[in-house]
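Per numbering that gives the first Met the number 0, residue 0 is the first one in the sequence shown, and the count goes up by one each step. Ideal placement from N, C-alpha and C gives every residue a C-beta, glycine not left out. Below is one structure; the comments refer to it alone.
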Amino acid sequence: MPLTALALVLGAALLHATWNLAAKRAAHATHFMWLSATMAAALYLPVVGWILLTTPVNFGWREAFACIASAVVHFGYNVARQTAYRVADFSVVYPIARGSGPLLSFTGAILLLGEKPSLLAFLGLVLIVFGVLAISGGRAWLTAHRGGVDLRGVLWGLIAGAFVAGYTVIDGWAVRYLLMSPFVVDICGNLFASIVLARRALREPAEVRTQWRQFWPQVVTVATLGPIGYIAVLFAMKLAPVSHVAPAREVSMMIGAFFGAKLLQEGDTLRRVAYAALIAAGVVCLAWT
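Right, dumping it as structure tokens:
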């Protein structure tokens with residue numbers, strides 16, 4: 000993986016962990032998704048408009064399909080993730096969704112995009128996925144059949160991971176092979192979510208205002224840092240194979256381990272740092288490929 004792509008992925012990982020921390024603190028806000036998607040669309044729409052006006056764009060049926068598919072799959076991921084959080088603990092859902100996503104992305108990039116990763120890249124994937132699962136207590140959900148974990152959380156976490164893999168492959172195809180602008184690809188999901196959720200928001204204006212007053216710092220954080228981080232990932236996909244970029248994104252779990260231990264007082268710092276080292280080793284494997 001080129002160093003520029005690696006730098007983009009690492010920067011995006013920091014942003015991803017930061018805005019997820021903000022989203023977690025607003026997890027019970029029913030209109031949080033609409034507020035953040037609408038603000039993100041409003042903030043980045045002028046940038047997209049400028050790109051479309053100043054850059055020659057070949058927009059055919061494949062580009063239209065990529066935009067629609069990306070928007071729908073991103074929306075599905077958000078719904079699956081929130082559903083999982085309602086029926087199971089965060090420490091169960093998040094590692095399943097984030098850990099299964101790269102594995103499926105890796106497979107999809109090979110089968111659908113024809114990429115041929117090396118043995119070292121495959122080793123990097125294994126280290127990252129294992130580290131992601133272990134760093135958040137992956138052993139717990141392995142005992143779900145014995146009553147340790149609500150199986151609904153496991154199921155919805157896997158569904159969310161499948162959506163992660165889906166939009167990773169779709170968006171990688173769009174920016175790497177269709178040569179679409181990452182800004183254009185990213186804004187599709189926010190516009191779609193804003194439009195789909197607008198009806199409910201308009202029916203409950205008082206509740207929307209209340210949630211905005213209570214959670215506006217979190218909304219602003221997600222609306223600004225979320226797109227920046229993912230656009231950086233999409234630019235990385237223009238420089239490196241999707242099968243390398245997708246698992247390397249999981250270095251965000253190393254940052255998340257620090258945030259959880261220091262900011263949320265979740266404890267177990269030594270074990271989390273040890274498994275985070277596995278993730279870092281996996282990223283090095285991908286960078287040296």
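With a CB to CB cut of under 6 Å and the five nearest residues on each side skipped, what residues in its chain are close to residue i?
{"i": "K115", "result": "none"}
{"i": "A70", "result": "C187, G188, F191"}
{"i": "Q210", "result": "A28, H30"}
{"i": "A68", "result": "I169"}
{"i": "H144", "result": "Residue placement at H144 is flagged as unreliable, the pLDDT there being 49, under the threshold of 50; the coordinate-derived value follows with that caveat. Answer for H144: no residue qualifies."}
{"i": "S35", "result": "V218, V221, A222"}
{"i": "R24", "result": "Q217"}
{"i": "A21", "result": "Q217, T220, V221"}
{"i": "A133", "result": "Y274"}
{"i": "R151", "result": "V86"}
Between residue i and the rest of its own chain, which residues show a CB-CB distance below 7 Å, the 5 nearest in sequence each way excluded?
{"i": "A16", "result": "S251, I254, G255, F258"}
{"i": "I227", "result": "L14"}
{"i": "L224", "result": "L14, T17, W18"}
{"i": "L157", "result": "I95, S99"}
{"i": "A40", "result": "I186, N189, L190, S193"}
{"i": "L111", "result": "V168"}
{"i": "T3", "result": "L238"}
{"i": "C284", "result": "L119, A120, L122, G123, L126"}
Whole angstroms is fine: what's the gap from residue i's alpha carbon to residue j's?
{"i": "G107", "j": "V168", "result": "7 Å"}
{"i": "I109", "j": "A205", "result": "48 Å"}
{"i": "L124", "j": "S180", "result": "27 Å"}
{"i": "M236", "j": "R248", "result": "11 Å"}
{"i": "E62", "j": "L277", "result": "38 Å"}
{"i": "I50", "j": "P240", "result": "24 Å"}
{"i": "L238", "j": "A96", "result": "25 Å"}
{"i": "G160", "j": "A83", "result": "11 Å"}
{"i": "L306", "j": "L201", "result": "Within the shown structure, residues of the chain are numbered from 0 to 288, placing residue 306 beyond reach of any answer."}
{"i": "A12", "j": "G130", "result": "15 Å"}
{"i": "A197", "j": "A120", "result": "42 Å"}
{"i": "F234", "j": "T37", "result": "23 Å"}
{"i": "P1", "j": "V244", "result": "10 Å"}
{"i": "Y176", "j": "F58", "result": "13 Å"}
{"i": "W33", "j": "F162", "result": "19 Å"}
{"i": "L103", "j": "L122", "result": "15 Å"}
{"i": "P55", "j": "L44", "result": "18 Å"}
{"i": "A279", "j": "R270", "result": "14 Å"}
{"i": "W155", "j": "F74", "result": "14 Å"}
Is it the case that the Cβ atoms of residue i and residue j are separated by a distance below 7 Å?
{"i": "D170", "j": "V184", "result": "yes"}
{"i": "V86", "j": "Y166", "result": "no"}
{"i": "A231", "j": "L7", "result": "yes"}
{"i": "I127", "j": "G10", "result": "no"}
{"i": "A164", "j": "A65", "result": "no"}
Grab me the residues of residue i's own chain with a C-beta within less than 8 Å of its C-beta, minus the 5 sequence neighbours each way, in chain order.
{"i": "G48", "result": "none"}
{"i": "V46", "result": "F182"}
Next item on the list: Pair every Cβ in the segment 70–86 with every Cβ in the segment 209–228, then say whether three or more of these pairs are closer than 8 Å.
Entry: no
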